[in-house]
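Colleague: In my numbering, the protein residues as written are 5 to 158. The beta carbon of each residue, even a glycine, is placed where N, CA and C say it ideally should be. Starting off with a structure, shown below.
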């Protein structure tokens, strides 16, 4: 952050005073070699970006971690989560905004246990109004369940 502000024209001394840091600590930290964790992170970041791009920008941290393990890269999921955040990568590259009604609908399927067995529910929601525009309930999760909800919405 200090480097970023320094590049914007602010002096290191001023920034350190505002942040209540000593200048000597800042310069000592700059001279210190990178930690083993940072070196490993710098090796993993291009691999994470590659897997993310190969997935069409759809994989989240869990799937990226699994894909890396399939490629023989040993990495913890929490490390991948931290690095995807640092890289600004998101699991699904979609825009869930609408400027008018009926511009964008989303669907969801859910289920719950009842006294008489499982019940499955499909919803179609209008993103703009956030209202349910179609729904269907059934005792199965076959293709016609979400299709009936969509038909109701139409």
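Helix, strand or coil, according to DSSP, for residue 71 in the structure here?
Modeller: Position 67 of the chain shown, counted from the first residue, corresponds to residue 71. If DSSP states are grouped into helix, strand and coil, residue 71 belongs with the helices.
Colleague: Give a yes or no on contact between the stretch 81-97 and the stretch 47-65, applying the rule of three or more CB pairs nearer than 8 Å.
Modeller: Yes, the stretch 81-97 touches the stretch 47-65.
Colleague: Just how far apart, CA to CA, sit residue 140 and residue 19?
Modeller: Start at 1 with the first residue of the chain shown, and residue 140 comes out as number 136. Start at 1 with the first residue of the chain shown, and residue 19 comes out as number 15. About 59 Å.
Colleague: Thinking C-alpha only, which one of 134, 120, 84 is nearest residue 55?
Modeller: For this step, residue 55 is matched to residue 51 along the chain shown. Selected option, being the one with the closest Cα: 84.
Colleague: Please state whether DSSP places residue 17 in a helix, a strand or coil.
Modeller: As a position in the chain shown, residue 17 is number 13, starting the count at 1. Helix.
Colleague: To test your reading of the DSSP string, which unbroken alpha helix (DSSP H) runs of 4 or more residues are found completely within the stretch 28-70?
Modeller: Here the runs fully enclosed are 40-58.
Colleague: Could you spell out where the alpha helix (DSSP H) holding residue 83 opens and where it closes?
Modeller: Reading the chain shown from its first residue, position 79 is the one you call residue 83. It spans 81-91 - the alpha helix (DSSP H) in which residue 83 sits, taken as one unbroken run.
Colleague: If you compare alpha carbons, which of 8, 152, 148 is closest to residue 138?
Modeller: Position 134 of the chain shown, counting from 1, holds the residue named residue 138. Closest option to residue 138, Cα to Cα, is 152.
Colleague: Can you tell me which residues form a DSSP beta bridge with residue 115?
Modeller: As a working mapping, residue 115 is identified with position 111 in the chain shown. DSSP, once it has assigned bridges, lists 124 as partnering residue 115.
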